[in-house]
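Q:
4 protein chains.
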Amino acid sequence: MPNKIKKLAVLTSGGDSPGMNAAIRSVVRTCAYHKIECIAVYRGYEGLMEGDFKTMNARSVKDIINKGGTILKSARSDEFRTKEGRLKAFNKLNEANVDGLVVIGGDGTFTGALIFNQEYNFPVMGIPGTIDNDIFGTSHTLGFDTALNTVVEAIDKIRDTASSHNRLFFIEVMGRDVGHIALNTGIAGGAEEILIPEEDLGLDRLVDSLNRSKKSGKSSSIVIVAEGDKIGKNIFELKDYVDENMSGYDVRVSVLGHMQRGGSPSCFDRVLASRMGVKAVESLLEGESNFMVGLLNNKMELTPLEKAIKGKSKINLELLRVSDIMST
Amino acid sequence: MPNKIKKLAVLTSGGDSPGMNAAIRSVVRTCAYHKIECIAVYRGYEGLMEGDFKTMNARSVKDIINKGGTILKSARSDEFRTKEGRLKAFNKLNEANVDGLVVIGGDGTFTGALIFNQEYNFPVMGIPGTIDNDIFGTSHTLGFDTALNTVVEAIDKIRDTASSHNRLFFIEVMGRDVGHIALNTGIAGGAEEILIPEEDLGLDRLVDSLNRSKKSGKSSSIVIVAEGDKIGKNIFELKDYVDENMSGYDVRVSVLGHMQRGGSPSCFDRVLASRMGVKAVESLLEGESNFMVGLLNNKMELTPLEKAIKGKSKINLELLRVSDIMST
Amino acid sequence: MPNKIKKLAVLTSGGDSPGMNAAIRSVVRTCAYHKIECIAVYRGYEGLMEGDFKTMNARSVKDIINKGGTILKSARSDEFRTKEGRLKAFNKLNEANVDGLVVIGGDGTFTGALIFNQEYNFPVMGIPGTIDNDIFGTSHTLGFDTALNTVVEAIDKIRDTASSHNRLFFIEVMGRDVGHIALNTGIAGGAEEILIPEEDLGLDRLVDSLNRSKKSGKSSSIVIVAEGDKIGKNIFELKDYVDENMSGYDVRVSVLGHMQRGGSPSCFDRVLASRMGVKAVESLLEGESNFMVGLLNNKMELTPLEKAIKGKSKINLELLRVSDIMST
Amino acid sequence: MPNKIKKLAVLTSGGDSPGMNAAIRSVVRTCAYHKIECIAVYRGYEGLMEGDFKTMNARSVKDIINKGGTILKSARSDEFRTKEGRLKAFNKLNEANVDGLVVIGGDGTFTGALIFNQEYNFPVMGIPGTIDNDIFGTSHTLGFDTALNTVVEAIDKIRDTASSHNRLFFIEVMGRDVGHIALNTGIAGGAEEILIPEEDLGLDRLVDSLNRSKKSGKSSSIVIVAEGDKIGKNIFELKDYVDENMSGYDVRVSVLGHMQRGGSPSCFDRVLASRMGVKAVESLLEGESNFMVGLLNNKMELTPLEKAIKGKSKINLELLRVSDIMST
């Protein structure tokens, strides 16, 4: 029964990412467009269990499309992992006459939504919001493109000082399990080597690569290291290794950190967020549930939440090769 | 005979766009990687006819990946449109022992390359570099993503002052024949209405839309106008029309202009340029000719130059609908 | 009687500028710090006459220090120029028990405040907020530094495309009566010539200068033109003049426009706004009235409003000379 | 004898800073303007001793005004601290017929220049280039303003994620001996507390301040910590302290690092660099020596190198107070 939905709720959960506000705005305005009521849930699943709700209209979300972070706040919730917690949430949604829920977040967020749906048959729809781009079923997660530009701008600045002093810099970027940020920003930042979680190239290759780069006349070098790189050493240990095993290098370390999560979203992320919000709401109105909306081949597509959670977002091997060639 | 190529040339032609330097760097480094010689041609086809060449190695292109414009300069050439002009170019390439040519530019550039190939059977490969995204055979041209961010940052600034004064702004963005920039930045900039060359929505709808927006409580409004909008009025005439036919508006005009062509390329454009350079050179080395490299479904693909020139790069109709819903 | 003040009001008026929100925040928080009540007045003197007030506390102004524009809106008011209008305003302030008024704006704003004070002996204090830096009694107005960076970023982008095509660009920047923006951004943007309202260098010198620049081997040129340049031609007429009287130039025009008024304020403007807000409130609390706070020799100083309005903010002649030398 | 100088040399030394290239450009162009020869020295005092020189003309420095770092490279030199080293340098300068030397750097750089002058009576002039603003005799060192903006943009991004998660962030900024960067960016970034080398406020006050901020309803907090803060704990120890001694905080640390040294210089730094280069060259031409050029009360002034080195660049106490009031 496609048109049973009269009122939707939207929340953000897990780590925040640029574009979440644009997605909230899109969900709210798409509801307004279809004359559906819409409420916002604060602090993710925590606020869902407590009934921390606010009625939204089209004007409630003005001037947020360009803001980083999430106006709805985000939080991790242990209680929502329990049966009792989810019952509370279900009761609060019922009391507020909410018929469907849009959750914006990463796989932890989707897992919660999936279990909640299985227990209460409550219609849910997911929007992938995380800078890591580690979700199956979408070529781009919300915030990924913005984070790439943030990282590249930082690398450009570091390169200014690196090349003024002929230094070697190890720069750590986000990515505990996947190397998307490292790989793309490494290419765009002109890095000599990129260390990612998917590949253990070994310290020997790193040393070889740096030596080759030096011989070829490069006066400074940048190595991008994903948080979860496979080489088994953290970025400070890498510095020590090079200090001890290679001569003639003035090695420095820079950990970019949480700055990568913030900032005004790029045009790409704002458009993507707007599209995803429309697709999520309209899919719920059409009677769909338990899906994540995603960008596949430049089109909005639905992927079952279960697949989105279990699937793997793979590194593009072509990019690895491009990176190798570029550091010639 | 795939491996006959020993020396390549690369040039940029037509309007410049961010990412051209990153593409030049990629062509040069891919040649170095495959131990192929590479020369740069200055000032597009003009320099080709004059033999304005420079030998490049991997180090010649350092520190340019993040620079806007093109270090090889660009120019339009009437002479290359003549048989005599192309003969000159062919002779210069022969004298320099060049076996293949990579051209970076738009459809004018590709047309020149195609005719040149047809006359002399000279291997050519195209890389689409233009901010307008108006080339068939690639979802993104080089520079398009950067231009989108440049425009959105300008809109954000204008919105600050628009909403401080409850003003209506008409903002003109590039796009003589296609509305890609207008459509994407209009959504991302939160515009009330977007006027593009592909669609004549008529002045009445514009007036309706502005009135509706005012009634709904919006205190300021932004209308994005592509240079070539179909409504048949330029942006200053639009202002006059609203001044005369609508009351209660303080209307201003802003023409963003050439600023949109410059700037340090985004991460996306740098990665795209790097991939395209690799693909262009390796395709020539594999014996291909007369193609344009492009991004289709996140993969590098070849499209015959003829198709790239004649084909149409179409507006995504889903975006038009998203734009309508967002301005609720 | 220094400590008679128990409640202050703050408003923004005239053209908006980056840093106005930071100044509002500072006024509100300084009131909170001194346990003084504070109300915000919306839409400048219009809102003052209508009693469009809102009580503010320290939390009311969170997250605005980095926002362009003014959350209090701005407007020009004809009615406040009349005796009746000012009486209305006085009555509204009395009804709300307001003892003093901080106005943020330019000389039009200060003139209104001065007359209001003269009629009702109502304590007023001015904060200079305008991007033009055209106020006597402060080395920097709020928003000037931010506007300089906005303009320079735009010039940098335009130079990318100018030098790719060997073009001559005329770029119009704000400054109807003073050339501060033109002069500073012209130096910082590497302009060949700078046309300002304070100086009529004559078309002949412009032509000479461009010819010299061309001979010296420059492949592209940028001329910065203040809106109110003395040469008596607008920027499009300048282009026509060069097109007709000089050969070998491909001339383009770019009018930067309202973009210059917006954007997140620079560090300098945020700190300046914070200092000015403190000084304005504390001066009122100390019994001062009818002054403008300003930055002189890196210190906060008071200048009588009358002087601020009548005085002239002069161009630094040293900068004119530096500009000449730099375009060698 | 004012006009004995026929040829100048310029070098950069010590840590690089944004604006150094603009200063090099200014030195070179001012020489060209006065028809004086000019050579560039690579790698600071190292290159001076080796004769690593390059003749410069006005065109040699095109397109560098907007580039971070230093095209002349920088290096620290132990050898120049020896008599033998300085003799080498003197001989190289003599061989090249150089009559005067402009050094761009910090107090280490100036100390070298001073001793060199004392030994050989060689005319030297200093330009203060360092982001720390720790030089006596100038209100602003080259690069300081740019670094402030870089830091504030990073804080803005971190605040997005901080306020989405109600977190407390400790952010480390540069400043081993002086708190200028911390103090200005702390105010501009809306920090709750600022820890600087000049002041030991003690852990108790930090704890108090955070508790007060929490009670007042703030949902997230940022504390800016200068590298050399007096509290005697590094930033990770601060985090541990709060984790152990305060409840209800989710504390994170971000070390901004070398990114702060790079980036395209702000308008302010480009203009300052242009003015300083002119003043340095013209002072040498007028027969002055052993001075540093500086900005005092918006004018170019000379300070004896000895004073510049020994003097103290003091924190503006007014800013400390403004910071306190703003975190109300």
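One line per chain: the protein sequences are G, Y, X and H, in this order. According to this note's numbering, the first sequence is numbered sequentially starting from 1. According to this note's numbering, the second sequence is numbered sequentially starting from 1. According to this note's numbering, the third sequence is numbered sequentially starting from 1. According to this note's numbering, the fourth sequence is numbered sequentially starting from 1. Where a beta carbon is used, it is the ideal one built from N, C-alpha and C, also for glycine.
#1: For Y/Ala154 versus Y/Leu256, is the C-beta spacing smaller than 8 Å?
#2: For X/Lys54, which residues does DSSP report across the bridge?
#3: In the stretch 103 to 135 of chain H, which residue ranges form an unbroken alpha helix (DSSP H) of at least 4 residues, counting only runs that do not cross its ends?
#4: In the structure shown, what three-state DSSP assignment does H/Ser254 receive?
#5: I'd like the list of long-range same chain contacts for X/Cys38, defined as Cβ closer than 6 Å, with 5 residues on each side in sequence excluded.
#6: Any beta-carbon of chain G closer than 8 Å to the one on H/Gly69?
#7: On a CA-only basis, which of G/Gly112, G/Asn21 and G/Asp132 is nearest G/Val124? Give me that one, please.
#8: Based on the DSSP output, what are the partners of H/Glu172 in its beta bridges?
#9: My guess is that H/Phe169 and H/Ile235 are in contact by the Cβ rule of under 8 Å, so how many angstroms apart are they, rounded?
#10: What are the residues in the stretch 241 to 267 of chain X lying within 7 Å of chain Y by C-beta distance?
#11: Output, in chain order, the set of chain G residues within a Cβ distance shorter than 7 Å of Y/Asn298.
#12: Any heavy atom of the ligand GTP closer than 7 Å to the beta-carbon of Y/Ile115?
#13: By Cβ distance, which residues of its chain are closer than 7 Å to X/Asp16, with the 5 residues on each side in sequence left out?
#14: Counting only beta-carbon atoms, is G/Arg25 nearer than 8 Å to chain H?
#15: How far does the beta strand (DSSP E) with H/Ile194 in it reach, from first residue to last?
#16: Taking 8 Å as the CB-CB cut-off, is H/Arg205 touching chain X?
#17: Could you check what DSSP says for X/Val207 in three-state terms: helix, strand or coil?
#18: Along the chain, where does the beta strand (DSSP E) that runs through G/Phe291 open and close?
#19: Does the separation of the CB atoms of H/Val271 and X/Ile187 fall below 8 Å?
#20: Could you have a look at Y/Leu198 and say whether DSSP puts it in helix, strand or coil?
#21: The beta strand (DSSP E) spanning X/Leu11 covers which residue range?
#22: Assuming G/Gly126 contacts G/Ala308 under a Cβ cut-off of 8 Å, what Cβ separation, rounded to an integer in Å, is found between them?
#23: H/Asn66 versus chain X: which residues are under 7 Å apart at the beta carbon?
#24: In the DSSP assignment, find the beta strand (DSSP E) that holds X/Met300 and state where it starts and stops.
#25: Establish whether the CB of Y/Glu306 and some CB of chain G are separated by less than 8 Å.
#26: Taking only three categories from DSSP, how would you classify H/Leu101?
#27: Measure the C-alpha to C-alpha separation of G/Pro2 and X/Val102 and round it to an integer number of angstroms.
#28: Pull up the distance between the alpha-carbon of X/Arg86 and that of X/Met292, whole angstroms please.
#29: Chain H beta carbons: is any one of them nearer than 8 Å to that of X/Val98?
#30: So which residues of chain Y does X/Thr150 contact, with C-beta pairs closer than 8 Å?
#31: Taking DSSP as the reference, what is the three-state secondary structure of G/Leu142?
#32: Please report the Cβ distance between G/Ala226 and G/Ala182, rounded to the nearest whole angstrom; I am assuming they are in contact, meaning their Cβ atoms lie under 8 Å.
#33: Between the C-alpha atoms of Y/Glu318 and Y/Ser139, what's the straight-line distance to the nearest angstrom?
#34: Tell me, to the nearest whole angstrom, how far the beta carbon of G/Val178 is from that of G/Asp145; I am working on the premise that it is less than 8 Å.
#35: Residues of chain G with a CB under 7 Å from the CB of Y/Ala182: which are they?
#36: Which stretch, first to last residue, makes up the alpha helix (DSSP H) that contains H/Thr70?
A: By the coordinates alone:
#1: Counting from 1 along the second sequence, the entry for residue 154 of chain Y is found at position 154. Counting from 1 along the second sequence, the entry for residue 256 of chain Y is found at position 256. Yes, Cβ-Cβ distance for Y/Ala154 and Y/Leu256 is below 8 Å.
#2: Numbered from 1 along the third sequence, position 54 holds the residue referred to as residue 54 of chain X. X/Ala40.
#3: 107 to 120
#4: On the fourth sequence, residue 254 of chain H is found 254 positions in, with the first residue counted as 1. Strand at H/Ser254.
#5: The count along the third sequence starts at 1 and reaches residue 38 of chain X at position 38. The beta carbon of X/Cys38 is closer than 6 Å to those of Leu8, Val28, Cys31 and Met56 in its chain, skipping five residues each way along the sequence.
#6: Indexing the fourth sequence from 1 puts residue 69 of chain H at position 69. For H/Gly69, the answer is yes, since a Cβ of chain G falls inside 8 Å of its Cβ.
#7: Counted from its first residue, the first sequence places residue 124 of chain G at position 124. When each option's Cα is compared against that of G/Val124, the closest is G/Gly112.
#8: The residue given as residue 172 of chain H occupies position 172 in the fourth sequence. H/Val225 and H/Val255, per the DSSP bridge assignment.
#9: The residue labelled residue 169 of chain H in the question sits at position 169 within the fourth sequence. The residue labelled residue 235 of chain H in the question sits at position 235 within the fourth sequence. With 8 Å as the limit, H/Phe169 and H/Ile235 do not qualify as a contact, their Cβ atoms being about 10 Å apart.
#10: Arg252, Ser254, Val255, Gly257, His258, Met259, Arg261, Gly262 and Gly263
#11: Along the second sequence, read from residue 1 onward, the residue named residue 298 of chain Y stands at position 298. By Cβ distance, chain G contributes Ser139.
#12: With respect to small molecules bound, the structure shown includes none, and the ligand GTP cannot be examined in it.
#13: Position 16 of the third sequence holds residue 16 of chain X. Counting only Cβ-Cβ distances below 7 Å, and skipping sequence neighbours, we find Gly69, Thr70, Ser74 and Arg261.
#14: By 1-based counting over the first sequence, the position of residue 25 of chain G is 25. For G/Arg25, the answer is no, since every Cβ of chain H falls outside 8 Å of its Cβ.
#15: Indexing the fourth sequence from 1 puts residue 194 of chain H at position 194. First-last of the beta strand (DSSP E) with H/Ile194: Glu193 to Leu195.
#16: Start at 1 with the first residue of the fourth sequence, and residue 205 of chain H comes out as number 205. So no, H/Arg205 is outside the interface.
#17: Numbered from 1 along the third sequence, position 207 holds the residue referred to as residue 207 of chain X. Helix, per DSSP.
#18: As a position in the first sequence, residue 291 of chain G is number 291, starting the count at 1. Taken as a continuous stretch (DSSP letters only), the beta strand (DSSP E) holding G/Phe291 covers Phe291 to Leu296.
#19: One-based indexing of the fourth sequence puts residue 271 of chain H at position 271. One-based indexing of the third sequence puts residue 187 of chain X at position 187. Cβ atoms of H/Val271 and X/Ile187: closer than 8 Å.
#20: As a position in the second sequence, residue 198 of chain Y is number 198, starting the count at 1. The identity of residue 198 of chain Y in the sequence shown is Glu, whereas the question assumes Leu. Of the three classes helix, strand and coil, the one that applies to Y/Glu198 here is coil, per DSSP.
#21: Taking the first residue of the third sequence as position 1, residue 11 of chain X is located at position 11. Here the beta strand (DSSP E) through X/Leu11 covers Lys7 to Thr12.
#22: Taking the first sequence and counting its residues from 1, the one referred to as residue 126 of chain G is at position 126. Taking the first sequence and counting its residues from 1, the one referred to as residue 308 of chain G is at position 308. Yes, they are in contact, since the Cβ atoms of G/Gly126 and G/Ala308 sit about 7 Å apart, within 8 Å.
#23: The count along the fourth sequence starts at 1 and reaches residue 66 of chain H at position 66. In chain order: Asp156.
#24: Locating residue 300 of chain X in the third sequence gives position 300, where the first residue counts as 1. Element bounds for X/Met300: Lys299 to Pro304.
#25: Position 306 of the second sequence, counting from 1, holds the residue named residue 306 of chain Y. It does not; no Cβ of chain G falls within 8 Å.
#26: Translated into positions along the fourth sequence, residue 101 of chain H becomes position 101. Strand.
#27: Within the first sequence, numbered from 1, the residue matching residue 2 of chain G stands at position 2. Within the third sequence, numbered from 1, the residue matching residue 102 of chain X stands at position 102. For G/Pro2, the pLDDT reaches just 47, beneath the cut-off of 50, and the residue's location in the model is therefore unreliable, although a value from the coordinates is still provided. Computed Cα separation, rounded: 57 Å.
#28: Start at 1 with the first residue of the third sequence, and residue 86 of chain X comes out as number 86. Start at 1 with the first residue of the third sequence, and residue 292 of chain X comes out as number 292. Roughly 20 Å separates the two Cα atoms.
#29: If you number the third sequence from 1, residue 98 of chain X lands on position 98. Chain H contact via Cβ: absent.
#30: Counted from its first residue, the third sequence places residue 150 of chain X at position 150. Ordered by position in chain Y, the residues that pass the 8 Å Cβ test against X/Thr150 are Lys157.
#31: Counted from its first residue, the first sequence places residue 142 of chain G at position 142. Reduced to three states, the DSSP call for G/Leu142 is strand.
#32: The residue given as residue 226 of chain G occupies position 226 in the first sequence. The residue given as residue 182 of chain G occupies position 182 in the first sequence. Yes, G/Ala226 and G/Ala182 are in contact; Cβ-Cβ is about 4 Å, under 8 Å.
#33: Sequence index remark: in the second sequence, residue 318 of chain Y carries index 318 (1-based). Sequence index remark: in the second sequence, residue 139 of chain Y carries index 139 (1-based). Going by the C-alpha atoms only, they are around 15 Å apart.
#34: Counted from its first residue, the first sequence places residue 178 of chain G at position 178. Counted from its first residue, the first sequence places residue 145 of chain G at position 145. Not a contact, Cβ separation roughly 15 Å.
#35: The residue you call residue 182 of chain Y lines up with position 182 of the second sequence. Here the premise fails: no neighbours, minimum Cβ distance about 12 Å.
#36: For the purposes of this step, residue 70 of chain H is taken as residue 70 along the fourth sequence, with counting starting at 1. Careful: H/Thr70 lies outside any alpha helix (DSSP H) and carries neither H nor E.
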